[in-house]
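K.L.:
Numbering (this note's numbering), first residue to last: 18 to 274. Beta carbons: idealized from backbone N, C-alpha and C, even for Gly.
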Amino acid sequence: MSRKKRGARHTWLPNQHGAWAMLAVPFAAGVFLGHGHGPEAGPRWVHLPLFAAWLAGYVTAFHAQQWLRLRRLSRNPRAPRRHVRPALVSAAVSAACGVPLLFAYPWLLLAAVCAAPFVAVNTYYAWRNKERALVNGVAAVVPACGMLLVTLRMGGGPLADGLRPALACLLFFAGTVPYVKTMIRERGSRAYYRASVAYHVLAVPAAYALSPWLAVLFTVFLARAALLPGRGVKVAVVGAVEVVGAAVLLAGLLLLF
Numbered sequence: 018m019s020r021k022k023r024g025a026r027h028t029w030l031p032n033q034h035g036a037w038a039m040l041a042v043p044f045a046a047g048v049f050l051g052h053g054h055g056p057e058a059g060p061r062w063v064h065l066p067l068f069a070a071w072l073a074g075y076v077t078a079f080h081a082q083q084w085l086r087l088r089r090l091s092r093n094p095r096a097p098r099r100h101v102r103p104a105l106v107s108a109a110v111s112a113a114c115g116v117p118l119l120f121a122y123p124w125l126l127l128a129a130v131c132a133a134p135f136v137a138v139n140t141y142y143a144w145r146n147k148e149r150a151l152v153n154g155v156a157a158v159v160p161a162c163g164m165l166l167v168t169l170r171m172g173g174g175p176l177a178d179g180l181r182p183a184l185a186c187l188l189f190f191a192g193t194v195p196y197v198k199t200m201i202r203e204r205g206s207r208a209y210y211r212a213s214v215a216y217h218v219l220a221v222p223a224a225y226a227l228s229p230w231l232a233v234l235f236t237v238f239l240a241r242a243a244l245l246p247g248r249g250v251k252v253a254v255v256g257a258v259e260v261v262g263a264a265v266l267l268a269g270l271l272l273l274f
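(1) Which same chain residues, not among the five before or five after A132, have their C-beta less than 6 Å away from its C-beta?
(2) Whole-angstrom Cβ separation of T77 and A108, contact assumed at under 8 Å?
(3) For G179, count neighbouring C-beta atoms within 10 Å of its own C-beta (all shown protein chains included) and say buried if the count is 16 or more, exposed if not.
(4) What do you reckon, are the CB atoms on M200 and V155 nearer than 8 Å?
(5) Cα separation between E148 and M171?
(6) Please give the ranges of any alpha helix (DSSP H) in the region 137-204, keeping only runs that are unbroken, at least 4 residues long and fully inside the region.
(7) Tell me which residues share the same chain as Q83 and place their Cβ nearer than 6 Å to its Cβ, disregarding the 5 neighbours each side in the sequence.
(8) Give the DSSP-derived three-state secondary structure of F79 in the structure shown.
(9) Ends of the alpha helix (DSSP H) at S107?
(10) Would you identify the three-state DSSP class for W62, choosing helix, strand or coil?
(11) Using a Cβ-Cβ cutoff of less than 8 Å, which residues in the same chain neighbour G35 once the five nearest sequence positions on both sides are dropped?
(12) Can you tell which of V110, A185, A45, P103 has its C-alpha closest to the C-alpha of A10?
(13) Quick check on this structure: which residue in R89, A243, M39 has the alpha carbon closest to the alpha carbon of M164?
(14) Can you tell me whether F235 is helix, strand or coil according to DSSP?
(15) Run through DSSP, which three-state label would F68 get?
(16) Suppose you measure from the CA of A81 to the CA of V116; what does that come to, to the nearest Å?
(17) Quick check: the Cα distance between P182 and L90, rounded to an integer number of angstroms?
(18) Using the three-state DSSP reduction, which class does R207 fall into: helix, strand or coil?
(19) Just to confirm the assignment, what range does the alpha helix (DSSP H) spanning G262 have?
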C-alpha cells in the first residue's frame, strides 16, 4: 500500500481499533441468533445495508466529535477541518443505507432515539477532550451491545431471546474498558488493576446467571485481566487478544443461545 493511500486510510478511518470488534460482534450475534425461530427468521439481505449504515454512522460520529474537540482546543484552523469531509461523506452513506430501512422497519427510529443519549455522552467527553474517561468508554459500549436486539428483531427473532446474549455482550465489552487501560494508558496503576480484576470477578457469577457455561468463558476473561497486566505485552498483542476474546464470545453466544 502506498504512503498516500495509507495516509488517506488513517485520515478517514477512526483510530480506535478496539471499537471495530465491539461494533461487529453484537451485530453478528443478533443476525445469527434469530435463526431457528421459523422459516423466515435469521440472516436477511436487509442486514447488509443496516451494517453499512451502522459502521458509517460510527465513522460519522467519530469525525463530528473530533471536529468539535479540535474546534475548541486547536489553534490550527486546518485541524478540525480535516474531519469535515469524512463526516459528511460517511453521514451520506449512513443515510443512504439506513433511511430506506425506516419504511419497512419504522421501529428503527425508536432504536436510534434510545442510542442518542449515549452518543451525546460520547460527544460531551470528546468536546471536553476526555475521551479516555471510564464513563465515556462504558457509554459507547451500551448502544453497540443494543444492536444485538436490533438485528435479532429485524431477522424475525423475538426480543426476549436477545436479552441474555445482549447482557453477555455488555458484560464482556464493559470489562474491556478498564482492562485495556491496565494494559496501555494506566499500566502500572494498582487502582485500575484492582478495579479491573474486581469487575471481572463479579462478572463470572453474573455470566453464570445468564448461562452456566457462559461462566466458563468469563473465567477465562478474568484470568486474562488478572495475569496479563504488568507483563510488558505489546499494544498489538493486546489488540489481538481482545479480537480473539470477542470472537470466542461470539462463538459462545451462538452455541449457548
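P.N.:
So, to answer that:
(1) P160
(2) 4 Å
(3) buried
(4) no
(5) 32 Å
(6) 151-171, 180-200
(7) H100
(8) helix
(9) 101-121
(10) coil
(11) T193, V197, G256, E259
(12) Coverage of the chain is limited to positions 18 through 274, which leaves residue 10 absent and any answer about it impossible.
(13) M39
(14) helix
(15) helix
(16) 20 Å
(17) 40 Å
(18) helix
(19) 252-273
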